[in-house]
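What follows is a single structure, written as structure tokens, with notes after it.
In the UniProt record's numbering, the protein residues as written are 1 to 245.
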């Protein structure tokens, strides 16, 4: 149907040779960075569907990637607990940080390429500056375990929680939270933290592995772990509109 802003059928694959673990588009959507289980980062030109760059980044699987705002830098972390900042053009490592615990996620500040957050497992979220300074983000309850965190659209706030938090592309800085055990997709307005849409009764998936917004923030896509399927909801009403197998 004309005007639909979500995919309706399978469009093809990108062969990275090794197993792809994580991926991230740059801000313009022209480049796709893929982190592989052999430690490589493969950068695809998404317009030509060709490989633009291969970076031999880590010796262990890459588990999280993040582009800088201008797309000149790429932030990566692997299961060896090393966090690295890469120069995309040259493929050189600008700086490397070694952490004592596994890292769940890394993310560049959306407006400042010198700031980024690191989410260590079972430890407070760390806000790092490339000049070497850092600070720990405080928790209301010291016994609480933060698994993941995310900047909002402008980088003014950091959302922390026990489930996946994704900053959306809408003007109100929407956030998607996916709960693995209960199969709920919750959309929250970033301005006043009110729940806008709660959906979960229209599917029987037990575990979600990833979620994201469409370009206009009108649709939500979540991937299931066991069925290897993509579920697409319309954000305004919460209806399931498409399942891609």
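Glycine included, every Cβ here is placed at the ideal spot set by N, Cα and C.
Are residue i and residue j closer than 8 Å when you measure CB to CB?
i, j, result
"residue 219", "residue 6", "yes"
"residue 63", "residue 77", "yes"
"residue 28", "residue 71", "yes"
"residue 94", "residue 103", "no"
"residue 124", "residue 99", "no"
"residue 210", "residue 148", "no"
"residue 79", "residue 60", "yes"
Decide if residue i is buried, meaning its Cβ has at least 16 other Cβ atoms within 10 Å, or exposed.
i, result
"residue 17", "exposed"
"residue 243", "exposed"
"residue 56", "exposed"
"residue 245", "exposed"
"residue 88", "buried"
"residue 214", "buried"
Short of 8 Å in beta carbon distance, which residues of its chain neighbour residue i, apart from the five on each side in sequence? Order them along the chain.
i, result
"residue 241", "6, 219, 232, 233, 234"
"residue 12", "49"
For residue i, I'd like the list of residues in its chain whose CB is within less than 6 Å of its CB, leaving aside the five on either flank, ordered along the chain.
i, result
"residue 52", "43, 45"
"residue 97", "83"
"residue 134", "126, 128"
"residue 130", "114"
"residue 228", "none"
With a CB to CB cut of under 7 Å and the five nearest residues on each side skipped, what residues in its chain are close to residue i?
i, result
"residue 110", "69, 151, 153, 154, 155"
"residue 107", "66, 116, 117, 150, 151"
"residue 20", "34, 36"
"residue 26", "67, 71"
"residue 38", "18"
"residue 136", "124, 126"
"residue 216", "5"
"residue 239", "233"
If you measure from the beta carbon of residue i to each beta carbon in chain C, is any gap under 8 Å?
i, result
"residue 237", "Among the protein chains of the structure shown there is no chain C, as only one such chain exists."
Quiz prompt | beta strand (DSSP E) runs contained entirely in the stretch 40-71, provided each spans 3 or more residues | solution = Correct list: 40-45, 50-56, 62-67.
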